[in-house]
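Numbering (our numbering), first residue to last: 58 to 291.
So the structure is just underneath, and the comments pick up after that.
This is the structure we're talking about:
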């Protein structure tokens, strides 16, 4: 009798751009201006609002977009907890966002770093955005390449040339199981994806983040981003 061995499903980590190429071939350019106008209208103008974009990014780790919004709304008024770590912990715990012990530690440490020199945490030049992103990743804890990119995207929605490679983005490039933080090979694949995305956005004259929003919102069967981004409007 032959016993069939159970085979594990293949973990997709091999870069493939064919689906991304198809996305750009049929990209709905008619949506771009409305997206640009909206995201510019909610772009942060103060260090406090830039800090809040990082809070949103911290709340986005390992949760749904609904949980992300709940966690963010619980802590966005940072003046209420900035001097009391236990209040931050309670707010995160009560929000139901999950992983509240780690989030509390990471956010608490990040708050000290950010307010020591806010300019270290957003883009100040037209070039070297990936380099600045990587410097931030190496400086802080709790956020890797994707989520630091997400914070920078929200801070500079029509300007940032970095890419939040979340699972949906990685899936578009056939790499949904890619491990890229603290992995030279994985990081190289991530940046290859990021470069391909950036080049194609450049060809269409579409900001990188705007193209990603169009892609993400279509996956959620939404016409714009406000089903989640409304929490950034006030």
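We treat Cβ as the ideally placed atom computed from N, Cα and C, and that holds for glycine.
All figures in this text were calculated on a predicted structure; none of them were measured in a lab.
- Leaving aside the five residues that flank residue 171 on each side, the residues in its chain whose CB is nearer than 6 Å to its CB run, in chain order, 108 and 178.
- Between residue 153 and residue 124, the CB-CB gap stays under 8 Å.
- By the 16-neighbour rule on beta-carbons within 10 angstroms, residue 285 is buried.
- Note on geometry: alpha-carbon atoms of residue 117 and residue 230 lie some 21 Å from one another.
- Under the criterion of beta carbons closer than 8 Å, residue 186 and residue 218 qualify as touching, at roughly 4 Å.
- Judged by DSSP in its simplified three-state form, residue 277 adopts coil rather than helix or strand.
- Beta-carbon to beta-carbon, residue 114 and residue 200 are separated by about 6 Å, close enough to satisfy the 8 Å threshold.
- Residue 144: member of the alpha helix (DSSP H) spanning 142–152, first to last residue.
- Shortest Cα-Cα distance from residue 216 to any of 134, 268 and 161 involves 268.
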